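Report on the structure given below.
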Amino acid sequence: MTLTAIIMQFLAPPLVFIWLSVLGLLFSFRRFGRGCLVLGMLLLFLSSIPGIGLFISMPLLETNTNWSVEELKGADAIVVPTGGYFPDEIRFVSAEHSIRRGDYGVWLQQQTGLPLIFTGGRTYHPQAPAESEVLRRILNLSPEKVWTETKSMNSYEHAVYLEQDFSKRGWDKKIVLVSSAMHMMRLSASFRARGFEVIPVSVHDHVTDFKHDADFWEYVFPSWEGLKIFRRAFYSYAGTFSYLVRGRISVSDLFHSGPSYLAAPSSWLGRD
């Protein structure tokens with residue numbers, strides 16, 4: 250089990266706040282216990298407010314939608330990491346994050362003419378198909394239309410294996426990197442750590458969809474959506490921290506002076 254998985258399994262909110270409250274109940278006859286109970290319940294309440302989750306997510310999210318595809322044409326390729334899949338009754342199906350990333354990557358390829366790469370390995374089982382191949386099939390793309398990298402299991406390995414493949418092909422390492430908004434910071438840092446020049450283009454996920462679509466009251470009232478946003482932010486920061494601890498990225502890889510873009514939201518968002 251990876252460090253990120255351990256953190257998410259045992260320390261991620263809201264579970265850690267619930268454990269703190271349970272500890273408080275067990276020792277409620279003592280001042281320490283009552284303090285734990287109050288603190289746990291307070292943290293659980295605050296983490297369920299969507300506005301707080303969005304606030305702590307701000308360093309992770311790109312906001313620049315004022316750009317054109319012409320600004321991407323100096324890159325050598327469009328790279329799209331997959332975002333999960335699952336088996337249904339007859340085959341493997343790409344998860345929502347994969348489809349949104351892949352679909353936008355295809356559109357960018359149509360606009361720019363750049364080579365398109367899907368990267369993602371056999372994360373479900375060693376004998377299962379690779380995520381990148383499943384996404385290619387779901388989007389009805391021929392092998393000639395998209396190059397699939399099939400060995401990587403995480404953000405770091407996406408960068409490692411593509412660095413090797415780019416070197417074999419003699420390609421320069423300037424890429425348009427397409428991924429979900431909350432995933433982009435750790436992902437782009439992983440590629441920079443391997444010597445890539447990255448133009449990040451974030452596609453929307455449930456966090457940015459909520460940010461764009463919610464009204465004031467949805468921002469301030471506690472909800473299950475608030476807990477999801479808070480947990481997603483915690484996951485992104487925990488993953489980044491684990492990469493820093495293991496030396497996969499450096500602090501300097503998290504920052505860059507180049508362009509960074511967010512896809513324009515769908516015109517259907519916010520419509521009743």
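Start counting the sequence shown at 250; every next residue gets the next number (our numbering).
The beta carbon of each residue, even a glycine, is placed where N, CA and C say it ideally should be.
Model, not experiment: these values are computed from the prediction.
| Asked | Found |
| --- | --- |
| Proximal residues to Y510 (C-beta, below 6 Å), its chain only, five neighbours per side dropped | N313, W316 and V450 |
| L260 classed as buried or exposed, judged by whether at least 16 other C-beta atoms fall within 10 angstroms | exposed |
| T331 versus G444, D421, F470 and G370, residue with shortest Cα-Cα distance | G370 |
| Contact between the region 420-429 and the region 319-330 (3+ Cβ pairs under 8 Å) | yes |
| C-beta contact flag for I478 and V452 at 7 Å | no |
| Cβ neighbour criterion (16 or more within 10 Å) applied to M307 | exposed |
| Straight-line gap, V265 to F459 (C-alpha atoms, nearest Å) | 25 Å |
| N-terminal and C-terminal residue of the beta strand (DSSP E) that V336 is part of | The question names Val, yet the displayed sequence has Pro at residue 336. Unbroken beta strand (DSSP E) run through P336: Y334 to P336. |
| Three-way DSSP call (helix, strand, coil) for F259 in this model | helix |
| Euclidean distance between Cα positions of V494 and A442 | 14 Å |
| For I267, three-class secondary structure by DSSP | helix |
| CA nearest to the CA of L357, picked from A377, S428, T399 and S296 | S428 |
| Cβ contact check for the region 360-377 and the region 465-474: 3 or more pairs under 8 Å | no |
| L225 classed as buried or exposed, judged by whether at least 16 other C-beta atoms fall within 10 angstroms | Look at the range of the chain in this structure, 250 to 521, and you will see that residue 225 is not part of it. |
| For E522, three-class secondary structure by DSSP | Not covered by the structure: residue 522. The range shown for the chain is 250 to 521. |
| Straight-line Cα distance separating V287 from V329 | 44 Å |
| L309 vs M434 beta-carbon contact at 7 Å | yes |
| Paired residues, beta bridge with F367 - DSSP | V329 and T397 |
| Straight-line Cα distance separating P471 from P299 | 7 Å |
| Buried or exposed (CB count within 10 angstroms, at least 16 for buried), S506 | exposed |
| Status (buried if at least 16 other CB within 10 Å, exposed otherwise) for V447 | buried |
| Where the beta strand (DSSP E) through E319 begins and ends | Premise fails: E319 is in no beta strand (DSSP E) and is neither H nor E. |
| Whole-angstrom distance between I305 and S499, CA atom to CA atom | 21 Å |
| Bridge partners - S428, DSSP secondary structure assignment | S451 |
| Spatial distance of V318 from D414 (CA atoms) | 25 Å |
| Inter-residue spacing [alpha-carbon to alpha-carbon] between L295 and L274 | 20 Å |
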